[in-house]
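Residue numbers (my numbering): 82 to 251. In this text, a Cβ means the ideal position worked out from N, Cα and C, and glycines have one as well.
And the structure:
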């Protein structure tokens with residue numbers, strides 16, 4: 082029996098991708114949402130306001146402003162919070178998401194509150210997250226195409242911000 086939690090099939094599938102695969106599709110409140118980052122570096126679960134509008138859940142947002150500090154010490158304020166059901170591997174977990182209306186490559190970030198509640202283990206090397214379910218261990222593999230799409234969006238956001246900075250200087 083191997084000490085590694087990853088089977089050789091999962092390793093081969095994950096290492097076949099050349100670029101980092103971070104984006105996944107997950108079901109939030111009975112809607113499949115693409116471009117979700119599962120990030121054990123995030124102390125909060127965050128969702129973009131436009132996603133809630135598309136899901137027709139904006140009336141369920143509870144106004145609540147908290148301050149989040151990013152890795153680069155940039156401070157951002159949330160506009161509210163919402164409880165959403167996150168479905169993964171047949172397991173449903175009610176999770177609090179903080180609502181932000183900032184430019185981002187991801188539609189949502191699922192952070193440590195969800196990861197710890199699911200007793201999940203995330204491997205950045207193999208781009209997979211695994212957690213126990215009543216039916217055994219479930220694995221979510223990062224989606225290569227989604228990761229590439231997120232990278233392009235991030236580049237576009239950076240370029241747009243640079244243009245805005247140039248316009249304000251002129």
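Item                                                                                                                            : Value
The region 105-118 touching the region 158-170, judged by at least three CB pairs closer than 8 Å                               : yes
Best match in 162, 156, 214 and 187 for proximity to residue 114 [C-alpha to C-alpha]                                           : 187
Distance between residue 190 and residue 123 (C-alpha atoms, nearest Å)                                                         : 8 Å
Residue 205 burial status per 10 Å Cβ neighbour count (16 or more: buried)                                                      : exposed
Span separating the alpha-carbon of residue 192 from that of residue 129                                                        : 14 Å
Distance, residue 221 Cα to residue 155 Cα                                                                                      : 30 Å
Cut-off 8 Å between Cβ atoms - residues of its own chain near residue 212, not counting five sequence neighbours on either side : 169, 170, 172, 199, 200, 201, 202, 218 and 219
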